[in-house]
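Notes to accompany the following structure.
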Amino acid sequence: MDIPYTIKARPDTGLFNAKLGIWLFLASEVMLFGGLFSSYILLRVGSDPGTWPQGLLNIPIGTFNTAVLITSSVTVVLGWSALQMNNFAAYRKYQAVTILCAAAFLVVKCLIEYPEKFTHYEVWMNDGNRMTGHIEGKPYFLTDKKLAARKIESIKFHPDAHHYAKPAAAHDAAAGEAHAAAMEIKTADIKRLSAFVPGHSTYFAIYFTLTALHGLHVLGGGIVIAYLWGPGARLWKTDPQRYINRVEVSGLFWHFVDLVWIFLFPVFYLL
Amino acid sequence: MSDTHSFESIKKHRNVYIAVFVGLLIGTALTVGMYYVHFSQLWKTITIALIIATIKASLVAAFFMHLSNERRAIYSTLLVTAFFLVAMMYLFIHARTDVPLGTEFRATKQVPHAPAPADK
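Chains as they are written, first to last, in numbering that gives the first Met the number 0: chain A, 0 to 270; chain B, 0 to 119.
See below:
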């Protein structure tokens with residue numbers, strides 16, 4: 000059975016069906032991310048002074064990932080225009096760069112950035128003092144409850160030079176890196192210990208929700224583009240215009256993913 | 000992406016894509032550079048950062064997604080989306096000043112709109 004309007008435009012909309020379909024899907028995506036951005040604004044505006052973490056994310060890594068996504072966006076559109084000019088070899092090269100960019104983004108996110116957060120801690124002391132830093136040995140997901148359960152009496156803590164609640168920390172590029180002298184902290188003196196995980200604070204809860212959801216979109220878009228680049232490219236020989244349309248639709252999704260990141264980056268990393 | 004493209008117009012468009020790409024990189028550099036400028040008030044930082052982000056997003060939407068030259072059906076879809084997005088964001092943000100009676104905030108122990116004690 001032939002699906003109508005996969006190549007020719009429908010007379011009423013002036014679009015082939017998949018194109019209208021992807022725009023309707025992107026409209027629903029706008030509402031999804033819009034709801035989460037609204038939550039972010041609500042949490043940020045509603046937070047007590049000095050409780051909203053700032054300067055805890057790695058700006059060079061975030062900048063790198065932004066450049067990677069921007070590059071992938073331009074290679075997608077250049078690949079599509081290469082197909083329009085009947086240059087399949089150039090399309091293949093451009094989309095190969097896109098796929099590499101998608102992979103690089105996910106590797107940086109999942110293997111560098113997230114693990115860095117899972118080994119970075121905040122400790123709330125019984126005397127009201129608070130510090131961020133690293134625990135010797137860089138353990139993952141340690142909490143005060145786990146310390147008690149494992150009967151660990153003390154930890155060796157390498158505090159950061161600044162705590163985010165102090166004014167200087169927000170604009171200190173090295174806030175997450177520079178350390179004061181290591182110190183021994185007794186478990187009995189710890190009121191709460193948490194890595195920078197969603198349970199740490201509303202900031203990290205919304206940060207992980209939004210960036211992980213965005214990461215899933217990168218993964219999904221990357222898989223579709225890779226499929227069209229690889230096994231799906233057979234269609235180019237039998238029905239080239241339909242193939243171009245598929246590439247265009249996947250490209251529109253990819254640009255949307257880039258567009259979301261353009262807002263995520265300043266909101267989480269810089270503000 | 001309009002459906003009819005001549006070879007020449009596609010070639011011309013490719014130069015535009017490269018120019019937009021450079022513009023996006025410059026925008027990113029400006030955003031990061033702004034982080035290191037110490038503005039006296041936070042709202043200034045937020046406003047400038049969001050203006051740059053909006054310009055970058057508009058470039059992507061207008062040129063990479065070809066919204067600068069699209070069909071009416073897509074504009075109509077986006078107009079409806081924009082309306083509902085603004086309405087939803089308003090509801091979310093409005094919720095901050097319209098909490099249910101007796102809501103207690105853990106951090107401040109503040110009880111907004113607490114019912115007045117009954118007269119005896």
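No residue lacks a Cβ here, since even glycine has one placed at the ideal position from N, Cα and C.
Identity of the residue in the options nearest residue i by Cα
i	options	result
A/Asp126	A/Phe207, A/Ile184, A/Glu112, A/Phe32	A/Ile184
A/Thr62	B/Phe6, B/Ala18, B/Leu29	B/Leu29
A/Ile134	A/Arg43, A/Leu192, A/Phe36	A/Leu192
A/Val217	A/Arg233, A/Pro197, A/Gln53, A/Ala103	A/Ala103
A/Glu121	A/Pro239, A/Pro3, A/Phe203, A/Leu251	A/Phe203
A/Thr5	A/Gly250, A/Lys116, A/Ser200, A/Asn244	A/Asn244
A/Gly54	B/Val31, B/Met64, B/Leu90, B/Lys55	B/Val31
A/Val107	A/Arg241, A/Tyr163, A/Ala211, A/Val76	A/Ala211
A/His119	A/Pro158, A/Asp143, A/Arg91	A/Pro158
A/Leu14	B/Arg95, B/Ile73, B/Gln40, B/Leu77	B/Ile73
A/Ile111	A/Glu152, A/Asn85, A/Pro59	A/Pro59
Proximity below 8 angstroms, CB of residue i to CB of residue j
i	j	result
A/Val181	A/Phe140	Rather than Val, the amino acid found at residue 181 of chain A in this sequence is Ala. Their beta carbons are not under 8 angstroms apart, which means A/Ala181 does not touch A/Phe140 by this criterion.
A/Trp235	A/Ala95	no
B/Ala48	A/Leu215	no
A/Asp188	A/Ile69	no
A/Val246	A/Leu82	yes
A/Phe262	B/Ala56	yes
A/Ile205	A/Leu31	no
A/Ala160	A/Thr186	no
A/Gly115	A/Asn57	For the record, residue 115 of chain A in the displayed sequence is Glu; it is not Gly. In contact: A/Glu115 and A/Asn57 (Cβ atoms closer than 8 angstroms).
Chain A contact residues for residue i, given Cβ-Cβ distances below 9 angstroms
i	result
B/Thr44	Leu269, Leu270
Amino acids of chain A, ordered along the chain, whose beta-carbon sits closer than 8 angstroms to that of residue i
i	result
B/Leu77	Trp22, Ala26
B/Lys55	Ile261
B/Ala94	Leu41
First through last residue of the beta strand (DSSP E) which encompasses residue i
i	result
A/Leu192	189-194
B/Lys43	Element bounds for B/Lys43: not the beta strand (DSSP E) but the alpha helix (DSSP H), 41-58.
Neighbour list for residue i in chain B, Cβ cutoff strictly below 8 angstroms
i	result
A/Gly33	Leu84, Met87, Met88
A/Gln265	Rather than Gln, the amino acid found at residue 265 of chain A in this sequence is Pro. Correct list: Thr30, Ala48, Leu49, Ile51, Ala52.
A/Ala66	Leu24, Thr27
A/His213	Going along chain B, no residue has its Cβ under 8 angstroms from A/His213, so there is no contact; the nearest lies around 14 angstroms.
A/Met30	Thr80, Phe83, Leu84, Met87
Extent of the continuous alpha helix (DSSP H) to which residue i belongs
i	result
B/Glu7	6-34
A/Ile205	201-228
B/Glu69	No alpha helix (DSSP H) contains B/Glu69, which DSSP labels as neither H nor E.
A/Lys236	234-237
Neighbouring residues, chain B, relative to residue i (Cβ below 7 angstroms)
i	result
A/Asp159	Those do not exist, as A/Asp159 stays about 18 angstroms from chain B at its closest Cβ, beyond 7 angstroms.
A/Thr210	In chain order: nothing, as chain B lies at least about 16 angstroms away.
Chain-ordered neighbours of residue i on chain A, where CB pairs are closer than 7 angstroms
i	result
B/Ala72	Thr12, Gly13, Leu14, Leu19
B/Ala61	None at all; the shortest Cβ gap to chain A is about 11 angstroms.
Under 9 angstroms by beta carbon: chain B residues contacting residue i
i	result
A/Leu141	Neighbours of A/Leu141 on chain B: none; closest Cβ ~24 angstroms, over 9 angstroms.
My parser needs the beta strand (DSSP E) runs of 3 or more residues fully inside the region 100-156 of chain A; what are they?
DSSP runs (the beta strand (DSSP E)) wholly in the region 100-156 of chain A: 119-124, 129-134.
Taking only runs that begin and end inside the region 22-61 of chain A, name each unbroken alpha helix (DSSP H) of 4 or more residues, in chain order.
At a cut-off of 4 residues, not a single continuous stretch assigned as alpha helix (DSSP H) sits fully inside the region 22-61 of chain A.
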